[in-house]
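The next block holds one structure in the form of C-alpha cells; read it before the comments.
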Amino acid sequence: MIFSFDLFINAIVSGVLIGGFYTAVTSGVSLSFGILDIVNIAHPAFIILGSYVAYLVNTELGIDPIVAGVVMTPAFYALGAGIYQVYYLSFEKRGQESLRGLAFFFGLLFITEVMLVLYFGVDYRYVGASYIGPTWHFGNLDVPLRLLVPCLVSLLLIAVLQLVLTKTFVGRAIMAVAQDQFALKLMAIDPVRIKRIAFGLSIATASLAGAFLIVIQPVEPSVGRQYIGRVFAICVLGGMGSLPGTVIAAMLIGIVESLTSTFYGPSWAPAVAFGFLLLTLAVRPAGLLGR
Amino acid sequence: MRSDVFLLVWLVIGAALYAGAEALGNDYVFFAGYVVLQYIVLSTAWNILGGYCGYVNFGSAAFFALGAYSTVAIHQLHPMPIPVLVVFGGIVSGVVGLGMGYLTLRLRGAFFAIATLALAVVLETLIVNWDYVGGSRGAFIVRPETIAPFGSYIRYLFLIMLLLAVGSIAVARLIERSRLGYGFATIRDDEMAAEASGVPTLWLKLIATTISGALMGMAGAPFPYYIGYLQPSSAFGLDYAVNSIAMPLIGGTTSWIGPLIGAVVLGSLQQIATVTISSAVNLLIVGFLLVAFVIVAPNGIVGLVQKYVQHKRVGFVGRHHVKADMPAGIPGSTP
Chain A
-3 MIFSFDLFIN
7 AIVSGVLIGG
17 FYTAVTSGVS
27 LSFGILDIVN
37 IAHPAFIILG
47 SYVAYLVNTE
57 LGIDPIVAGV
67 VMTPAFYALG
77 AGIYQVYYLS
87 FEKRGQESLR
97 GLAFFFGLLF
107 ITEVMLVLYF
117 GVDYRYVGAS
127 YIGPTWHFGN
137 LDVPLRLLVP
147 CLVSLLLIAV
157 LQLVLTKTFV
167 GRAIMAVAQD
177 QFALKLMAID
187 PVRIKRIAFG
197 LSIATASLAG
207 AFLIVIQPVE
217 PSVGRQYIGR
227 VFAICVLGGM
237 GSLPGTVIAA
247 MLIGIVESLT
257 STFYGPSWAP
267 AVAFGFLLLT
277 LAVRPAGLLG
287 R
Chain B
4 MRSDVFLLVW
14 LVIGAALYAG
24 AEALGNDYVF
34 FAGYVVLQYI
44 VLSTAWNILG
54 GYCGYVNFGS
64 AAFFALGAYS
74 TVAIHQLHPM
84 PIPVLVVFGG
94 IVSGVVGLGM
104 GYLTLRLRGA
114 FFAIATLALA
124 VVLETLIVNW
134 DYVGGSRGAF
144 IVRPETIAPF
154 GSYIRYLFLI
164 MLLLAVGSIA
174 VARLIERSRL
184 GYGFATIRDD
194 EMAAEASGVP
204 TLWLKLIATT
214 ISGALMGMAG
224 APFPYYIGYL
234 QPSSAFGLDY
244 AVNSIAMPLI
254 GGTTSWIGPL
264 IGAVVLGSLQ
274 QIATVTISSA
284 VNLLIVGFLL
294 VAFVIVAPNG
304 IVGLVQKYVQ
314 HKRVGFVGRH
324 HVKADMPAGI
334 PGSTP
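Chains A and B supply the protein sequences, listed in that same order. Residue 264 in the working numbering is what sits at position 268 of the first sequence, and the numbering runs on without skipping anything. Residue 169 in the working numbering is what sits at position 166 of the second sequence, and the numbering runs on without skipping anything.
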C-alpha cells in the first residue's frame, strides 16, 4: 500500500461529508435514546422507510428527494407519536421497558424490513436529482455534490433541532423530561405528551435522513442494519443526547471509516464503527461530551 | 423431580421422538426437525442470559456463527467427528462469551444489548476478511452420504442436535433450581440491591454469558455439515438473532419450559410457512408474533397458562414475579 497525500486528503474530506450525513441519521437516536432513554433500535429501519418514501415520491411525482423528505416529515412525526403511544401504554406505564421494550422495537425493525422486502423486493433503488451526478474539483480534491448537499442540509437540520431544544418551550420541556419527570409534573406539564412530541420528532428526522441516504447510495431494505451500530456508536460516543457531541462523533467516525476503506479496503469499514462503540463502552461510557 | 431423573425422562422423550421420526421414514422430517431442535438449543441458551438475568443479547447469531466457523476451521485442518467439533465450537463461543461479558457487563440494560449487536458485526467483518475459512466466498463442507449405524447422514445430525437440545434443557433446569439460578434472578429483579446484599453479580453474569455463549456455539457447530455450504451472511443471519429472542419471549422467559414451547411452536410454524408460503413471510410472522406477545402477553404462553390455572384454582399462591416499585431516575442506574 503506497501512502498518497492526495488520497489521504480526499479520504478526510469525504469522511467529513459522510460524517455530516451521519449526524442526520443519528440525531433521531440522540433524541429517543439519548434524551428519552427509549432504545429505539428500529430507527435505522424507519430511515430506510424514509428512503423508500422519498423514492416513491421522486419516481411518481418527480419531486426532488430531499424536498420529498422534508414534505413527509409530518407523516413520520405522526407515525412516531403513534408508536410512542403504544410503547408508553404497553411498557413504560407497566415499568417493563427494559427487556420487552427492546424486543418490541426489535420486532418493529423486522416488520418494517420484511414489509419493504415484500413490497419493493430486494433490488437496489435509486433516485434522480440534478446534484447526484456532478463533482466539484479543487485541484486534486474531489467534492461530490451528492455527498455535499446531504451534509449541508444535515448540519442545518441539527442546527434547527438544537435551536428548538434550547430556545422553545417544548424543547426545554423535552430536555427537562430527560432529567426529572416528576418535577415536570409539578410544573403542570404532562411528561407523556412531551415524550410523545420528542419521539415524534425523532422519527420525523428519519424521513429526512432516509432521503439523504438514497441520494448518497442506492438503497435496499436490509441496508438499515449497517446503520444500527453506527448510529448507536455515534450516539454513545457523542455523549448521549448532546447534539454538538453527536456532530463531532459523527465526523470522527465518518473520517475513520473513510480512511479505513481507502487504505485497507471497504470490507473492513463496517467493523470500525462497532469497534469504536465497543471501545467507548468499555473505556468511557459517558462519551466525548458526556453529560 | 430430581435433575438426573429429569434428564432421564427427557432422554426417553428424545428417543421416542427419534423413533417417531424414523417411523415416518422420510428424510425431510429430519431436515425440518433439525432446524426446530437447533432453535430449542438457541432459545434455551439465550434465555439463560436474557430470561434469567434480564440481559438482552442481540448477538446470538454471532455465537452460533462462531460455532459453525470453528467447525469449518478445524475441517480445513483435518476432518473430525462431529461430537468433537461440537465441543470445540462450545469452547470457542464460550470463551468469546466470557470475553464479551468481561468487556460489556459493567454496562447495564440497553448498553449491553447494543454492545452485543456491535460484537456480531465486528465478528462478521473478521470472518468475511479471513480467507482461511472461505472469507466472503463461503466454504464448502462435503458431508458423507451415509454413516454407519444411522443410515443417511441427516439422521446422525438430527440425533446430535436432539441430544444437544435435551442437554441444554437439562442445564437450564439445573441452573434454575440451583443457587446460581437464584443469583441470576436477583440480578434480573434488582441488580443494585443484589450487589448491596453481597451477591457477586459480575461473576454470576460472566458465568451466564459463558454458558449461554457455549450452548449457542454448540448449536452452530454441526451447522456447516447440515447446510453443506457456509457463507458469512447465512451463518450471521439476523433470523437466528430474532428467533432466539422471539422464541423465549413468546414461550415465557421465567423457566426452562418457555423457550422450549416457543421454539417448538414458532419453529414448526416457520417450517410450515416456509414450505407453504415463503421464507420472507415467515420472518414477518415472527416479527408480528413477537410484537403482539410482548404487548399483550408479557409472560408468554407460559404466563397465559399460569394465569388460566390460577384463575381456576382460587387461593393458589404461585410464584409471583415481584418488582419493587421504584421512582425513575435513581442516581447511578444508568452507566
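For each residue, glycine too, the CB sits at the ideal point set by N, CA and C. Every value quoted in this text rests on a predicted model; they were computed, and no experiment measured them.
CB contact below 7 Å: R226 of chain A versus chain B: The residue labelled residue 226 of chain A in the question sits at position 230 within the first sequence. Interface with chain B (7 Å Cβ-Cβ cutoff): R226 of chain A is excluded.
Minimum Cβ-Cβ distance from F34 of chain B to chain A less than 7 Å: By one-based count along the second sequence, residue 34 of chain B stands at place 31. The beta carbon of F34 of chain B sits no closer than 7 Å to any beta carbon of chain A.
Same chain only: Cβ atoms within 8 Å of G231 of chain B, ignoring 5 sequence neighbours per side: Here residue 231 of chain B refers to the residue found at position 228 when the second sequence is read from its first residue. Cβ within range, chain order: F143, I144, V145, R146.
Cβ neighbours of Y84 of chain A in the same chain (closer than 8 Å, five flanking residues each side left out): Taking the first residue of the first sequence as 1, we reach residue 84 of chain A at position 88. Within the same chain, Y84 of chain A has close Cβ partners V188, K191, R192.
Local conformation of V145 of chain B per DSSP, three classes: Counting from 1 along the second sequence, the entry for residue 145 of chain B is found at position 142. DSSP places V145 of chain B in coil when its eight states are reduced to three.
Backbone secondary structure at G154 of chain B - three-state DSSP: By one-based count along the second sequence, residue 154 of chain B stands at place 151. G154 of chain B: strand per DSSP, three-state reduction.
Alpha-carbon spacing of L27 of chain A relative to M219 of chain B, whole angstroms: As a first step, residue 27 of chain A is located in the first sequence; it is residue number 31 there, counting from the start. As a first step, residue 219 of chain B is located in the second sequence; it is residue number 216 there, counting from the start. Rounded to whole angstroms, L27 of chain A and M219 of chain B show a C-alpha spacing of 35 Å.
Exposed unless 16 or more other CB atoms sit within 10 angstroms - verdict on A19 of chain B: Looking up residue 19 of chain B in the second sequence gives position 16. That one is exposed.
Within-7 Å CB hit, I185 of chain A to chain B: One-based indexing of the first sequence puts residue 185 of chain A at position 189. No, I185 of chain A lies away from the interface with chain B (no Cβ there is under 7 Å from its Cβ).
Cutoff 7 Å: V113 of chain A Cβ touching any chain E Cβ: Here the protein chains are A and B, and chain E is not one of them.
Short CB-CB distance (under 7 Å) between G291 of chain A and chain B: Residue 291 of chain A is absent from the structure shown; chain A starts at -3 and stops at 287.
Residue environment, M250 of chain B, which counts as buried when at least 16 other CB atoms sit within 10 Å: Position 247 of the second sequence, counted from the start, is the residue given in the question as residue 250 of chain B. Classification for M250 of chain B: buried.
Chain-ordered neighbours of N132 of chain B on chain A, where CB pairs are closer than 7 Å: Here residue 132 of chain B refers to the residue found at position 129 of the second sequence. Near N132 of chain B (Cβ distances below 7 Å), the residues of chain A are S263, W264.
The beta strand (DSSP E) enclosing H133 of chain A, as first and last residue numbers: Residue mapping note: residue 133 of chain A aligns to position 137 of the first sequence, counting from 1. Its beta strand (DSSP E) spans residues 131 to 134.
Chain A within 7 Å of T128 of chain B, Cβ atoms only: Position 125 of the second sequence holds residue 128 of chain B. For T128 of chain B, the answer is yes, since a Cβ of chain A falls inside 7 Å of its Cβ.
7 Å Cβ cutoff, F42 of chain A in contact with chain B: For the purposes of this step, residue 42 of chain A is taken as residue 46 along the first sequence, with counting starting at 1. By this cut-off, F42 of chain A is not an interface position.
Spatial distance of V110 of chain A from Q273 of chain B (CA atoms): The residue you call residue 110 of chain A lines up with position 114 of the first sequence. The residue you call residue 273 of chain B lines up with position 270 of the second sequence. Straight through space, the alpha carbons of Q273 of chain B and V110 of chain A are spaced by roughly 15 Å.
The segment 208 to 224 of chain B touching the segment 44 to 57 of chain B, judged by at least three CB pairs closer than 8 Å: Yes, they touch.
Residues of the segment 29 to 62 of chain A with Cβ closer than 8 Å to any Cβ of chain B, in chain order: Answer set for the segment 29 to 62 of chain A: F29, D33, V35, I37.
Helix, strand or coil at G7 of chain B [DSSP, three-state]: Stepping through the second sequence from its first residue, residue 7 of chain B is reached at position 4. Here residue 7 of chain B turns out to be Asp, not Gly, going by the sequence shown. Looking at D7 of chain B - three-state DSSP - the assignment turns out to be helix.
Beta-carbon proximity check, G270 of chain B vs G261 of chain B, cutoff 7 Å: Counting from one through the second sequence, the residue named residue 270 of chain B turns up at place 267. Counting from one through the second sequence, the residue named residue 261 of chain B turns up at place 258. No. Outside cutoff.
Spatially closest choice to A238 of chain B from B:A113, B:I253, B:S139, by CA coordinates: What you label residue 238 of chain B is simply residue 235 of the second sequence in a count that begins at 1. It is B:S139.
Extent of the continuous alpha helix (DSSP H) to which D242 of chain B belongs: Indexing the second sequence from 1 puts residue 242 of chain B at position 239. That run of the alpha helix (DSSP H) goes 241 to 254.
Beta carbon proximity, R189 of chain A to chain B, threshold 7 Å: Here residue 189 of chain A is taken as the residue at index 193 of the first sequence, counted from 1. False, the Cβ-Cβ gap to chain B never drops below 7 Å.
Per-residue contacts from L233 of chain A into chain B (C-beta, under 7 Å): As a working note, residue 233 of chain A is residue 237 in the first sequence. Result: empty, since nearest Cβ-Cβ is about 12 Å, beyond 7 Å.
CB contact check: P82 of chain B to chain A, cutoff 7 Å: Indexing the second sequence from 1 puts residue 82 of chain B at position 79. No, P82 of chain B does not count as interfacial toward chain A.
Listed by chain order, chain B residues near G129 of chain A by CB distance under 9 Å: Here residue 129 of chain A is taken as the residue at index 133 of the first sequence, counted from 1. Ordered by position in chain B, no residue passes the 9 Å Cβ test against G129 of chain A, which lies about 30 Å from the chain.
Whole-Å CB distance - L40 of chain B paired with I172 of chain B, under 8 Å assumed: Numbered from 1 along the second sequence, position 37 holds the residue referred to as residue 40 of chain B. Numbered from 1 along the second sequence, position 169 holds the residue referred to as residue 172 of chain B. About 11 Å separates the beta carbon of L40 of chain B from that of I172 of chain B, a gap too long to meet the 8 Å contact definition.
The segment 9 to 24 of chain B / the segment 165 to 179 of chain B touching (three or more Cβ pairs under 8 Å): The segment 9 to 24 of chain B makes contact with the segment 165 to 179 of chain B, as at least three CB pairs between them are under 8 Å.
Contact belief for L88 of chain B with A224 of chain B at Cβ below 8 Å, rounded distance in angstroms: Your numbering for residue 88 of chain B matches position 85 in the second sequence. Your numbering for residue 224 of chain B matches position 221 in the second sequence. Confirmed, Cβ separation roughly 5 Å.
8 Å Cβ shell around I249 of chain A - same chain, five flanking residues per side excluded: Here residue 249 of chain A is taken as the residue at index 253 of the first sequence, counted from 1. G15, Y18, R226, A229, I230, L233, V268, A269, F272.
Straight-line Cα distance separating Y159 of chain B from S46 of chain B: Sequence index remark: in the second sequence, residue 46 of chain B carries index 43 (1-based). Sequence index remark: in the second sequence, residue 159 of chain B carries index 156 (1-based). One C-alpha to the other measures close to 22 Å.
Cutoff 7 Å: R287 of chain A Cβ touching any chain B Cβ: Taking the first sequence and counting its residues from 1, one reaches residue 287 of chain A at position 291. Confidence in R287 of chain A is poor, its pLDDT being 46 and thus under 50, which makes the residue's placement unreliable; the coordinate value appears in the next sentence. Taking Cβ atoms only, chain B never reaches closer than 7 Å to R287 of chain A, which makes this a no.
Within-7 Å CB hit, G290 of chain B to chain A: Translated into positions along the second sequence, residue 290 of chain B becomes position 287. Yes, because at least one Cβ of chain A sits closer than 7 Å to the Cβ of G290 of chain B.
Chain B residues whose Cβ lies nearer than 8 Å to that of L104 of chain A: By 1-based counting over the first sequence, the position of residue 104 of chain A is 108. Near L104 of chain A (Cβ distances below 8 Å), the residues of chain B are G290, V294.
CA-to-CA distance, P86 of chain B to G184 of chain B, given in whole angstroms: In the second sequence, residue 184 of chain B corresponds to position 181, counting from 1. In the second sequence, residue 86 of chain B corresponds to position 83, counting from 1. Cα-Cα distance, rounded: 28 Å.
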